[in-house]
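There are 4 protein chains.
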Amino acid sequence: MAPLIETKYVFTITARIGEVTSAGEIGTGVRRIIPITGGEVKGENINGKVCAFGADFQVIRPNELIELEARYAFETDDGAVVYVENKGIRFGPVELLQKLKRGEPVDPNLI
Amino acid sequence: MAPLIETKYVFTITARIGEVTSAGEIGTGVRRIIPITGGEVKGENINGKVCAFGADFQVIRPNELIELEARYAFETDDGAVVYVENKGIRFGPVELLQKLKRGEPVDPNLI
Amino acid sequence: MAPLIETKYVFTITARIGEVTSAGEIGTGVRRIIPITGGEVKGENINGKVCAFGADFQVIRPNELIELEARYAFETDDGAVVYVENKGIRFGPVELLQKLKRGEPVDPNLI
Amino acid sequence: MAPLIETKYVFTITARIGEVTSAGEIGTGVRRIIPITGGEVKGENINGKVCAFGADFQVIRPNELIELEARYAFETDDGAVVYVENKGIRFGPVELLQKLKRGEPVDPNLI
Numbered sequence: 001m002a003p004l005i006e007t008k009y010v011f012t013i014t015a016r017i018g019e020v021t022s023a024g025e026i027g028t029g030v031r032r033i034i035p036i037t038g039g040e041v042k043g044e045n046i047n048g049k050v051c052a053f054g055a056d057f058q059v060i061r062p063n064e065l066i067e068l069e070a071r072y073a074f075e076t077d078d079g080a081v082v083y084v085e086n087k088g089i090r091f092g093p094v095e096l097l098q099k100l101k102r103g104e105p106v107d108p109n110l111i
Numbered sequence: 112m113a114p115l116i117e118t119k120y121v122f123t124i125t126a127r128i129g130e131v132t133s134a135g136e137i138g139t140g141v142r143r144i145i146p147i148t149g150g151e152v153k154g155e156n157i158n159g160k161v162c163a164f165g166a167d168f169q170v171i172r173p174n175e176l177i178e179l180e181a182r183y184a185f186e187t188d189d190g191a192v193v194y195v196e197n198k199g200i201r202f203g204p205v206e207l208l209q210k211l212k213r214g215e216p217v218d219p220n221l222i
Numbered sequence: 223m224a225p226l227i228e229t230k231y232v233f234t235i236t237a238r239i240g241e242v243t244s245a246g247e248i249g250t251g252v253r254r255i256i257p258i259t260g261g262e263v264k265g266e267n268i269n270g271k272v273c274a275f276g277a278d279f280q281v282i283r284p285n286e287l288i289e290l291e292a293r294y295a296f297e298t299d300d301g302a303v304v305y306v307e308n309k310g311i312r313f314g315p316v317e318l319l320q321k322l323k324r325g326e327p328v329d330p331n332l333i
Numbered sequence: 334m335a336p337l338i339e340t341k342y343v344f345t346i347t348a349r350i351g352e353v354t355s356a357g358e359i360g361t362g363v364r365r366i367i368p369i370t371g372g373e374v375k376g377e378n379i380n381g382k383v384c385a386f387g388a389d390f391q392v393i394r395p396n397e398l399i400e401l402e403a404r405y406a407f408e409t410d411d412g413a414v415v416y417v418e419n420k421g422i423r424f425g426p427v428e429l430l431q432k433l434k435r436g437e438p439v440d441p442n443l444i
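Residue numbers (this note's numbering), protein chains in the order written: chain W, 1 to 111; chain C, 112 to 222; chain F, 223 to 333; chain B, 334 to 444.
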């Protein structure tokens, strides 16, 4: 009735980001774009580089929840290109979400 | 019954693009990303620069039609940031779509 | 520079709707569903019936603008099924949008 | 590094469906609509009825994978309306996916 979902560690993506740009209120929140400028992929059987394009296209809702839509790609050492599209909603304590909005560091375990 | 839709010229966006990346067949076609690296916006009452991030995230369908989803931004001379999201399907004669796919120039009036 | 877009009348869809259901505030506005229960398609060269399923899935934003996403189908007299997906944002004077929200009639020429 | 995701049983939705409608090939596969006509929600602390509208809007890809987008609602015994939007891709052995496409029963444990 309540199955466990097993997960398997495959790799870690460390993305570098550029300057954050805001395009203001769009009716459902504040549009914010976080460019991705590069980075690394490291795992047991897969290693590579994050491509120097793509971004996380966000909307910060009036209640501080953040709609994420990251679109980027990485290239493995053996030449395969993997396109990544991550959609989701970041939620957590409002004061931590507001810290994120101001660009202040937040303990990832708390959010 | 069949109204004319009047249009009004406002500005021209000239975007510079980076190297095109393909992530291969994704089940509904070929994923292709065309990074946007800058450019200019020129009009009578609006002038500015295209921001150095964003991309056109495309899928080339088996029948050569191209699904476009461009996401980028520009900043006007007086400091406003405008986020642009253009979705659509590019269609036209198959031989011209195949030229586009190979990166060859195509007369914009024909497609 | 500013082309006219010519339109061509093809057919009129008259959809019957069922009782409107609201699922309350969802963070970006109020979710509202308007079921489609049937209707008619009439034109010079195409006639048919709207299928008895589908709906207009709406979000009424805090500023009263309405995000529409209608998904339904109709079947022509000669047996072709056409699926329709209409996305858009309904805007107009706030007092008329509020009438629409309350289910009151609004002159379609004003909105 | 590889966390378990714990799940918690809350309720079971049993939806009744109407006649399946196909709108043919749309360029990325075959559009198929499965209307939802009612049903039941049963759980320990939540019980209700599935509303008599909504549908699963599917695309059957050329490789038989099925893109699902179910949109429907249910109303609990105490009067709350819950809107459900389920997006996903159904995959499994091709012969079982083809059975599903023909409307034949398939053991849910195998797919």
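For glycine and all other residues, C-beta sits at the position ideal for the given N, C-alpha and C. None of these values were measured; they are calculated from a predicted model.
Residue 232 of chain F and residue 265 of chain F closer than 8 Å at C-beta:
The answer is yes: Cβ separation under 8 Å.
Pairs of beta-carbons, one from the segment 311-323 of chain F and one from the segment 267-277 of chain F, closer than 8 Å: are there three or more?
Contact between the segment 311-323 of chain F and the segment 267-277 of chain F is absent, because fewer than three Cβ pairs lie under 8 Å.
Min CB distance residue 266 of chain F to chain C below 8 Å
Chain C contact via Cβ: absent.
Which chain F residues sit within Cβ distance under 8 Å of residue 415 of chain B?
The answer, in chain order, is 245.
What are the residues that DSSP puts in a beta bridge with residue 261 of chain F?
F/237, per the DSSP bridge assignment.
State yes or no: is the beta carbon of residue 138 of chain C nearer than 8 Å to at least one beta carbon in chain W?
It does not; no Cβ of chain W falls within 8 Å.
Do residue 37 of chain W and residue 16 of chain W come within 8 Å of each other at the CB atom, strictly closer than that value?
Result yes, Cβ atoms of residue 16 of chain W and residue 37 of chain W sit closer than 8 Å.
Between which two residues does the alpha helix (DSSP H) carrying residue 404 of chain B extend?
Per DSSP, residue 404 of chain B belongs to no alpha helix (DSSP H); it is in the beta strand (DSSP E), 399-409.
With burial defined as no fewer than 16 other Cβ atoms inside 10 Å of the residue's Cβ, what is the status of residue 389 of chain B: buried or exposed?
By the 10 Å Cβ count, residue 389 of chain B comes out buried.
Label residue 418 of chain B either buried or exposed according to how many other C-beta atoms from any shown protein chain fall within 10 Å of its C-beta, with 16 as the threshold for buried.
The residue in question, residue 418 of chain B, is exposed, as its Cβ has fewer than 16 Cβ neighbours within 10 Å.
Straight-line gap, residue 310 of chain F to residue 285 of chain F (C-alpha atoms, nearest Å)
Their backbone Cα atoms lie some 16 Å apart in a straight line.
Applying a beta-carbon distance threshold of less than 7 Å, which residues of chain B neighbour residue 176 of chain C?
In chain order: 360.
Classify residue 412 of chain B: buried if its beta carbon has 16 or more other beta carbons within 10 angstroms, exposed otherwise.
The Cβ neighbour count for residue 412 of chain B, taken over all protein chains shown within 10 Å, is under 16; the residue is labelled exposed.
Who does residue 312 of chain F pair with in a DSSP beta bridge?
Secondary-structure assignment with DSSP links residue 312 of chain F through a beta bridge to F/288.
Residue nearest to residue 393 of chain B in terms of C-alpha spacing, selected from B/385, B/366 and B/439:
Nearest option by C-alpha distance: B/366.
With distances taken Cα to Cα, identify the nearest neighbour of residue 192 of chain C among W/26, W/14, W/92 and W/67.
Taking only the C-alpha atoms, the option nearest residue 192 of chain C is W/26.
Residues of chain B with CB closer than 9 Å to the CB of residue 172 of chain C, please, in chain order.
Chain B residues near residue 172 of chain C: 360 and 361.
Tell me the rounded alpha-carbon separation between residue 451 of chain B and residue 444 of chain B.
Any property of residue 451 of chain B remains undetermined from this structure, which presents chain B solely from 334 to 444.
Length of the line joining the Cα atoms of residue 399 of chain B and residue 362 of chain B:
Roughly 9 Å between the two C-alpha positions.
Grab the span of the beta strand (DSSP E) containing residue 47 of chain W for me, first residue to last.
It spans 47-50 - the beta strand (DSSP E) in which residue 47 of chain W sits, taken as one unbroken run.
Is residue 35 of chain W buried or exposed, if buried means 16 or more other CB atoms sit within 10 Å of its CB?
Looking at its Cβ environment, which holds 16 or more other Cβ atoms inside 10 Å, residue 35 of chain W is buried.
Can you give me the C-alpha to C-alpha distance between residue 243 of chain F and residue 329 of chain F, rounded to a whole angstrom?
Between the C-alpha atoms of residue 243 of chain F and residue 329 of chain F there is a straight-line separation of about 23 Å.
Using DSSP bridges, identify the partner residues of residue 305 of chain F.
DSSP output for residue 305 of chain F lists F/295 as bridge partner(s).
Is the distance from the Cβ of residue 337 of chain B to the Cβ of residue 96 of chain W below 8 Å?
Using a Cβ distance threshold of 8 Å, residue 337 of chain B and residue 96 of chain W do not count as a contacting pair.
First and last residue of the uninterrupted beta strand (DSSP E) at residue 57 of chain W
Where residue 57 of chain W is concerned, the enclosing beta strand (DSSP E) stretches over 55-60.
Can you give me the Cβ contacts of residue 18 of chain W inside the same chain, cut-off strictly under 8 Å, excluding the 5 residues immediately before and after it?
Here the set comprises 34, 35, 36 and 37.
Would the beta-carbon of residue 229 of chain F fall within 8 Å of that of residue 113 of chain C?
With respect to the 8 Å criterion, residue 229 of chain F and residue 113 of chain C are classified as neighbours on the basis of their beta carbons.
What residue range does the beta strand (DSSP E) around residue 354 of chain B cover?
That run of the beta strand (DSSP E) goes 354-358.
Go ahead and pull the three-state DSSP assignment for residue 102 of chain W.
In this structure, DSSP gives residue 102 of chain W a state outside helix and strand, which the three-state scheme calls coil.
Taking C-beta to C-beta, are residue 425 of chain B and residue 406 of chain B nearer than 8 Å?
With contacts defined as CB atoms closer than 8 Å, residue 425 of chain B and residue 406 of chain B fail to qualify as a contacting pair.
Could you say which of C/169, C/205, C/125 and C/152 lies nearest to residue 186 of chain C if we only look at CA atoms?
Closest option to residue 186 of chain C, judged by alpha-carbon separation, among C/169, C/205, C/125 and C/152: C/152.
Option in F/280, F/331 and F/236 with minimal Cα separation from residue 416 of chain B
Comparing alpha carbon positions, the residue from F/280, F/331 and F/236 closest to residue 416 of chain B is F/280.
Return the chain-ordered list of same chain residues with a C-beta closer than 8 Å to the C-beta of residue 12 of chain W, the five sequence neighbours on each side being excluded.
Excluding positions up to five away in sequence, the list reads 41, 42 and 43.
Please confirm whether any heavy atom of the ligand MN lies closer than 7 Å to the CB of residue 181 of chain C.
Of ligands this structure carries none, so the ligand MN is not represented either.
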